[in-house]
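J.:
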Amino acid sequence: MKKVLLLTGIMALSMATFAATTTAEKFADAVEGVVNVKAKVVAPLQIVAIDLDFGTMIQGETITHESNVPLDILGTTGEKLLIEIKTSEEGGYVKYTGSSHKFNVILKTGTGATAEEKLTTELTMFTAGAPGDDTTNGIYVLEAGNKKEFMIGGTAEAKTNQAVGDYTGELYIRAKYY
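Going letter by letter, the sequence shown gives residues 121 to 298 in my numbering.
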């Protein structure tokens with residue numbers, strides 16, 4: 121029995137030595153690398169907007185909003201933003217691609233079910249721009265003062281048979297760090 125235990129011990133020791141040698145040989149030409157881990161903290165984004173009010177219209181009249189209203193996106197200076205817009209709650213967002221991009225927001229009164237209860241607008245949003253703005257891809261840079269300033273304006277057209285009433289609609293703006 122002692123011989124069996126002795127042989128088993130010798131075999132186990134031999135195997136451990138062989139395994140250690142084999143493992144050491146496998147990593148003899150190993151290389152080592154380093155992964156740098158980092159993070160950047162930015163201020164949360166905020167959108168500050170003023171309502172665009174076309175005022176009182178007469179049936180058959182088209183009004184151009186003469187004084188555009190401001191829309192500011194606040195965040196961290198120098199950071200890039202992706203800006204998207206949609207013209208109704210049900211619609212999907214699209215990239216805002218600069219001042220030539222037109223948005224048709226439908227204002228409704230009553231149930232908004234008939235053509236006469238829908239008032240058509242064509243809106244534009246523009247900014248003076250800054251180095252790094254990529255309007256083709258909807259990317260804009262937050263400027264000094266931790267903001268990006270836009271102006272929104274456009275026209276509203278009341279048809280000759282437009283229903284009388286108060287009309288409302290929404291233009292949705294979404295911004296996120298890029």
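Heads up, the beta-carbon is just placed ideally off N, CA and C, and yes, glycines get one too. The structure displayed is predicted, hence computed values, not measured ones.
Classify D286 as helix, strand or coil using the three-state DSSP reduction.
T.: Three-state result, D286: coil.
J.: Give me whichever residues DSSP pairs with F270 in a beta bridge.
T.: Answer is L191.
J.: Would a C-beta distance cut-off of 8 Å place G212 and E242 closer than the cut-off?
T.: For G212 and E242, no; Cβs fall outside 8 Å.
J.: According to DSSP, which residues form a beta bridge with Y213?
T.: Per DSSP, none; premise fails for Y213.
J.: For the beta strand (DSSP E) that V157 lies in, which residues bound it at each end?
T.: Here V157 belongs to no beta strand (DSSP E), and DSSP marks it neither H nor E.
J.: Under 8 Å by Cβ, that's how I've got L201 and Y260 pegged, so tell me the actual separation to the nearest angstrom.
T.: Indeed, because the Cβ distance is near 5 Å, the residues count as touching under 8 Å.
J.: Which word fits V225, buried or exposed, when buried means at least 16 other C-beta atoms lie within 10 angstroms of its C-beta?
T.: V225 should be labelled buried.
J.: How far does the beta strand (DSSP E) with E204 in it extend, from its first residue to its last?
T.: First-last of the beta strand (DSSP E) with E204: K200 to K206.
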